[in-house]
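Under the numbering used here, the first residue of the sequence shown is numbered 1, with each subsequent residue one higher.
Contents: one structure, followed by commentary.
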Amino acid sequence: LIGDLQEVFKEDSFRAIKKGEKGGDILHSIPSPRGVHEAGSILYESKNTNTYQPKWLDKLKNDMEDSHATIGLLVSKAFPNKIEFDKSYLKTDLLVQLDDKVWLTKPGKHIPAMVRAIRKGILMGHKRKELDDFESKSDKEIMFEYITGDFVEQLKIIARVYTKLSGQISTEKR
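Listed below in structure tokens is the structure:
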């Protein structure tokens with residue numbers, strides 16, 4: 001699974017979690033569009049059994065909390081037989097939404113496509129959060145940051161270039 005995902009999502013980073021180590025199987029970190037920091041992450045847990053165990057959900061949610069993962073993806077052949085689903089949750093033959101942030105899917109070639117959709121959702125959520133952070137600043141704070149930041153350096157560079165060009169023009173006139 002990790003090799004297939006690394007091939008499709010080359011800009012992302014993947015960390016295999018060793019057997020016996022607390023956590024899922026793979027932690028998939030998704031960089032922000034500018035690559036400055038992490039936009040979010042997906043924690044994968046795979047099960048190779050024919051019977052679904054409800055305790056998997058609680059374990060994955062705890063592992064997600066410990067690793068600060070955004071979404072959990074449980075990969076298993078076994079699906080729950082009878083489970084009450086909230087009408088807003090999705091249930092198909094290949095994908096079941098177990099919780100707000102936890103999905104269950106069967107193993108197969110469809111996983112990278114599902115991860116692509118989940119990844120896109122994480123990036124959109126990150127962008128929305130960045131916009132919310134920006135909107136919470138007052139105009140005065142934004143102007144202060146601009147004036148005390150790169151703006152001053154840009155003005156210094158413009159002044160140096162203007163002085164140099166003015167000197168060259170004066171020399172040519174003389």
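No residue lacks a Cβ here, since even glycine has one placed at the ideal position from N, Cα and C.
Bridge partners - residue i, DSSP secondary structure assignment
i	result
H28	F14, I42
L104	L74, V96
K19	Looking at the DSSP assignment, K19 forms no beta bridge with any residue, so it has no partner.
Residue i (DSSP reduced to helix, strand or coil)
i	result
K127	helix
Q97	strand
K47	strand
Y162	helix
R34	coil
V53	Per the sequence shown, residue 53 should be read as Gln rather than Val. Residue state, collapsed to three classes: coil.
K109	coil
N62	helix
A69	coil
R174	coil
L5	helix
CA-to-CA distance, residue j to residue i, given in whole angstroms
i	j	result
I111	L73	10 Å
A124	K164	Looking at the sequence shown, residue 124 is not Ala but Met. Each residue's alpha carbon lies about 46 Å from the other.
G121	R34	16 Å
S76	G40	23 Å
N50	I17	23 Å
K55	I2	24 Å
R233	P31	This structure cannot speak to residue 233, because the chain is shown only from 1 to 174.
E7	Q53	31 Å
E11	K59	29 Å
N81	K109	23 Å
K61	I42	12 Å
Exposed unless 16 or more other CB atoms sit within 10 angstroms - verdict on residue i
i	result
E45	buried
D4	exposed
H126	buried
Y162	exposed
V96	buried
R119	buried
H37	exposed
L94	exposed
D179	In the structure displayed, the chain extends from 1 to 174; residue 179 sits before or after that span and is not available.
I169	exposed
Interface flag, residue i vs chain D, CB-CB below 8 Å
i	result
I122	Going by chain labels, chain D is absent from the structure shown, which holds only one protein chain.
Given 8 Å, three or more beta-carbon pairs between the stretch 59-73 and the stretch 14-33
yes
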